[in-house]
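A.B. asks: In this text, residue positions in the sequence shown follow our numbering: the first is 1, and each later residue adds one.
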Amino acid sequence: MGLTPLPLSQLKLTVQRVAPHADSPATLPVLIYHNVFPTGTPPSALEAHMRGNGYEPQWRYGMYPFSHFHTTTYEVLAVYSGRATCQFGGDGNPGAVRMQVQEGDVVILPPGLAHKGVEMPSGFMMVGSYPMGYHWDEKRRGQKGFEDKIRGVSGLVKDPVYGEEGPALEHLGGK
């Protein structure tokens, strides 16, 4: 039997828009699904769940402590251990926001949204996944000229947690 997320009707969702900026050119919001998976869920179960919904897990790690973004794909971060304060929006962006994520949360980042870990106590770990067929790149503050590339990334066709339905389809392009 596979991993069962929190029922969609009970999901606590954060949809956070961050003003586009030269250091973070995204125009779509970051989504946080709070406590969508039970604490103690092993990373292998999260990886299998993501694969079942069309996302390829590519790493297990914390979050880089420097601001960076991706121009070629969405990024799905499933927290399986600990908690952290993350910044979304880039270091030079006056509209950047800081939010806490914890074990059981899933963060969905659109292309171009700069992010970094600000406070990451020991033990904070995530599974990083990307839509099948997409490959991530890494861009940092001061790099420019990616707006057309970011706009060219197709909207999500499956929600990484709920599959054929879910907030990612509504807020991040959908079908």
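Ideal Cβ positions, reconstructed from N, Cα and C, are used throughout, including at glycine.
1) Out of curiosity, what's the CA-to-CA distance linking Ser81 and Pro20?
2) For Lys175 and Met132, what's the separation of their Cα atoms in angstroms?
3) Report the partner residues of Ala84 according to the DSSP bridge assignment.
4) Taking the alpha-carbon positions, what's the Phe88 to Arg151 distance?
5) Gln219 to Asp148, Cα distance in whole Å?
6) Are Val127 and Pro57 closer than 7 Å when you measure CB to CB?
7) Sort out for me which residues DSSP pairs Ser24 with in a bridge.
8) Please name the residue, chosen from Gly173, Gly166 and Glu170, that lies closest to Asn53 on a Cα-to-Cα basis.
9) Spatial neighbours of Pro42 within its chain, please: CB distance less than 8 Å, with the 5 preceding and 5 following residues excluded, ordered by chain position.
10) Are Thr39 and Glu119 touching if we call contact CB-CB under 7 Å?
11) Mark Val176 as exposed unless 16 or more other C-beta atoms lie within 10 angstroms of its C-beta, in which case mark it buried.
12) Can you tell me where the beta strand (DSSP E) with His34 in it begins and where it stops?
13) When you compare the CB positions of Thr73 and Tyr130, do they come within less than 7 Å of one another, or not?
14) How many angstroms separate the CA atom of Val18 from the CA atom of His171?
C.D. replies: Answer, in terms of the structure:
1) Between Ser81 and Pro20, the C-alpha separation is close to 30 Å.
2) The predicted position of Lys175 is uncertain, since its pLDDT is 48 and thus under 50; no value can be drawn from it.
3) In DSSP, Ala84 forms a bridge with Val101.
4) Their backbone Cα atoms lie some 19 Å apart in a straight line.
5) Here the chain covers residues 1 to 175 and nothing more, so residue 219 does not appear.
6) Yes, these two residues count as a Cβ contact at 7 Å.
7) According to DSSP, Ser24 bridges with His21.
8) For Asn53, the nearest C-alpha among the options comes from Gly166.
9) Hits under 8 Å: Tyr80.
10) Annotated as distal: Thr39 and Glu119, with beta-carbon spacing of 7 Å or more.
11) Outside the shown range of the chain, which is 1 to 175, sits residue 176, and nothing can be said about it.
12) Val30 to His34 is the extent of the beta strand (DSSP E) around His34.
13) In contact: Thr73 and Tyr130 (Cβ atoms closer than 7 Å).
14) Taking the straight line joining both Cα atoms gives about 14 Å.
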